[in-house]
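Worksheet for the structure shown next.
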Amino acid sequence: MRSRVAGVRRRDRHGRGLRGPLTPPQAPVSRTRAERFDDLVHDEVRRLGQRWGRELAQVEFAVEEVPDVEPWTGGPVPLGLTLPGESGGPVRIVIYRRPVEARATGDREVGRLVRDLLVEEVADLLGLSPESVDPSYDTPDD
1 MRSRVAGVRR
11 RDRHGRGLRG
21 PLTPPQAPVS
31 RTRAERFDDL
41 VHDEVRRLGQ
51 RWGRELAQVE
61 FAVEEVPDVE
71 PWTGGPVPLG
81 LTLPGESGGP
91 VRIVIYRRPV
101 EARATGDREV
111 GRLVRDLLVE
121 EVADLLGLSP
131 ESVDPSYDTP
141 DD
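Counting from 1, position 71 in the sequence shown corresponds to residue 71 in the UniProt record's numbering; the numbering is continuous, with no gaps.
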């Protein structure tokens with residue numbers, strides 16, 4: 001009997017060898033959900049920056065998986081949050097990927113939620129209404 005190291009597989013069960021990647025790494029389909037979400041947030045931040053670049057120059061945008069909510073007392077899970085700058089650091093706007101994806105019913109709605117969340121956080125930071133920050137706020141994408 002031949003011994004085998006667990007986890008090392010030299011051939012598939014049909015004896016033809018292991019399969020390679022199905023798509024090249026630069027293909028959009030090979031990007032993870034987290035990477036696609038990061039790209040979506042980056043695109044929306046860049047879009048807002050075209051109009052509010054000077055006001056947002058000292059703002060840091062970030063994506064985190066889930067909010068740090070221990071112990072959780074109930075109520076809705078936050079989708080985003082603005083954190084004040086500590087000791088002269090930049091203000092930080094955080095979007096939480098997993099709660100946003102759980103709330104949305106599809107990719108289009110994820111995009112709309114990210115857009116609306118960023119607009120709301122920026123509007124709150126600047127003391128403006130969301131509609132004045134982005135006229136497309138709270139309108140469905142068509």
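Every residue gets a Cβ at the ideal spot worked out from N, C-alpha and C, and that includes glycine. On a predicted model such as this, the values are computed, not experimentally measured, just so you know.
(1) Between which two residues does the beta strand (DSSP E) holding R54 run?
(2) Taking the C-alpha atoms as reference points, what is the distance between L125 and T32?
(3) What does a CB cutoff of less than 8 angstroms around V41 pick up in its chain, not counting 5 residues either side in sequence?
(4) Leaving out the 5 sequence neighbours to the left and right, which residues in its chain are closer than 8 angstroms to P99 when beta-carbon positions are compared?
(5) Given S129, which residues of its chain have a CB within under 7 angstroms of its CB, disregarding the five upstream and five downstream residues?
(6) Rounded to whole angstroms, what's the CA-CA distance from E44 to V69? Just pull it up for me.
(7) Could you give the DSSP three-state label for L83: helix, strand or coil?
(8) Does D107 pass the burial test, meaning 16 or more other C-beta atoms within 10 Å, or should it be called exposed?
(9) Quick one: what does DSSP say R36 is sitting in, helix, strand or coil?
(10) Among L83, S87, A102, E101, which one has its Cα closest to the Cα of I93?
Let me lay it out:
(1) Taking the sequence shown and counting its residues from 1, the one referred to as residue 54 is at position 54. Careful: R54 lies outside any beta strand (DSSP E) and carries neither H nor E.
(2) As a working note, residue 125 is residue 125 in the sequence shown. As a working note, residue 32 is residue 32 in the sequence shown. Going from the Cα of L125 to the Cα of T32 covers about 31 angstroms.
(3) The sequence position of residue 41 within the sequence shown is 41, counting from 1. Excluding sequence positions up to five before and after V41, its CB lies within less than 8 angstroms of the CB of F61, V63, I95, V114, L118, all in the same chain and listed in chain order.
(4) Locating residue 99 in the sequence shown gives position 99, counting from the first residue. Contacts found: V66, P67, V77, P78, L79.
(5) Here residue 129 refers to the residue found at position 129 of the sequence shown. Close CB contacts of S129 within its chain, under the 7 angstroms cut and outside five residues either way in sequence, are with A123 (chain order).
(6) As a first step, residue 44 must be located in the sequence shown, where it is residue number 44. As a first step, residue 69 must be located in the sequence shown, where it is residue number 69. For E44 and V69, the distance between alpha carbons rounds to 26 angstroms.
(7) Here residue 83 corresponds to residue number 83 of the sequence shown, with the count starting at 1. Secondary structure of L83 (DSSP, three-state): strand.
(8) The residue given as residue 107 occupies position 107 in the sequence shown. The residue is exposed, with fewer than 16 neighbouring Cβ atoms inside 10 Å.
(9) Mapped onto the sequence shown, residue 36 falls at position 36. Helix.
(10) Here the question's residue 93 lines up with position 93 in the sequence shown. Cα-wise, what sits closest to I93 is L83.
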